[in-house]
Structure formats: C-alpha cells, structure tokens
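Each remark here refers to the structure printed beneath this line.
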C-alpha cells in the first residue's frame, strides 16, 4: 500500500468510526430538538416523570423508607432526612427518628440526641439538645400529658410541664409512640411533597439536548459530538473530492489511451 493509499485508508477508517460514534448524538439531538420545537403542542411542561431511575438521577427520589407516627389528627414523617408535618416540610435532620408525641401545647419529636418542638400547627419552635448527661434516645412516649424518653441503659426520663427539667422515673403507665405505615394515597402525596414540583419531560429534553443530564461534563460531551460532526462534514467533503479527482484522472487516461 502506497503512502497516499494508506492516508486515504486512515481517513476512511476514522470517518467510519466517528460516524458510528456521532450517530447516537445526532439521533438524540434530532429527537429532542424536534420535541422542544413543539413543547406547547406536546405539553412537555405538563408531563411529569415518574421513573425512579430518572428521579434518583436528579436527586428527587428519596433514599430509605418513610418513618411515620400519628400525633392526634396529624402525622409526623421523616423521609430521607426531611421532617414533614402531615405533608408539609418543616426542617431537616441527620439523626435517626424515634417517634413523636403530643402534649397539651406542643408536639415533641425524638431523635438520637435532640428533641424538636413543634406547635399544634406544625411550626418549628425549638431544637432541644438532650445534653451530655443523656445517652442516645431509643424511643419517646407520654405520661400525664408530659413527654417521656427512654435512653440506652435503659433509663426513663419525664419532662416537667415547661420542658426544662427531666426526672428519672420507672417504666410504668407510659404510652409509647407507635410507628405507623402510610397507605398508598398518603405516601403518594408525601412523595409529591418531597419532590416539590417534580420533574417535567421538558426539563429532561432540555438537559438531554444540552448534555447537562450527564452532569458537569455533559456539555463538553455534546461539544465533542458537535466537533465530530464538523470533522465528518469536512472529511466527507475530502473523500468526495478525492473520488472526483480519481474519476477525472480515469476519464483523462481513457480519453488519451483509446485504441
């Protein structure tokens, strides 16, 4: 194989490889581009994604199970570090949730080393650390309309009416908070609240088109695909030009060497 032939073979080979690689991105760009041009007609901004994979990719799918407790007419739930009063987000936590009880004035939530105090309407009043004198909370209950906590040991403490002091008591006549399981309807509402407004098909199409769906380097991936398409265009022209030259040489040779 001559040097010129080897050069042509190399160009053809890379042209084919780049073409096979770029065709995937061309298909994605074409489909998403057409869809985005007809966003209103297709109602992309009104269609919401329910794929667990995509929601997880966007950080909208909660990790772990929901932990819920009934407090009177209300439900307190912790889902993926988010604390909910009924279906309304209140605050976040990094600690394990051990239950919730209602007193005459407050709703008390128990975590490993702190208590959260909410009003009857679900407003956060205070985060109350248990302090160095307490080991980690295991569960929470109520006695005489006062919260009682069980710590490792076990030891049992009942708060005064102002939630300022805690007295050691025995485990007797304590109504411990009982975990519940949300039904499918309530869980669906909870997930909708967790995800906020949700993930629209339009958002996914836009991110696919720009490459942002692949993360911080996704746009560079699409840039590389665009460069590959440019290279395909120029190399295709070069291949066409080489064939034209070959045809001209062939006709020229046949014209001057007839007979």
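Residue numbers (my numbering): 18 to 276.
Glycine residues also receive a C-beta, built at the ideal position from the N, C-alpha and C atoms.
Judged by pairs of C-beta atoms under 8 Å, the region 111 to 125 does not touch the region 221 to 239, as fewer than three such pairs exist. Using a Cβ distance threshold of 8 Å, residue 192 and residue 86 do not count as a contacting pair. Per DSSP, the unbroken alpha helix (DSSP H) holding residue 212 starts and ends at 201 to 212. Note on geometry: alpha-carbon atoms of residue 173 and residue 125 lie some 16 Å from one another. Residue 197 sits in a strand when the DSSP states are folded into three classes. Residue burial is scored here from C-beta neighbours: residue 163 has at least 16 other C-beta atoms within 10 angstroms and is therefore classed as buried. Residue 69 and residue 210 have their C-alpha atoms some 16 Å from each other. DSSP places residue 167 inside the beta strand (DSSP E), whose first and last residues are 163 to 168.
Scanning 67, 190, 180, 167 for the CA closest to the CA of residue 216 turns up 67.
When the Cα atoms are used, residue 237 and residue 228 turn out to be separated by approximately 8 Å. Beta-bridge partners assigned by DSSP to residue 79: none are found.
Per DSSP, residue 226 is one residue of the alpha helix (DSSP H) stretching across 218 to 227.
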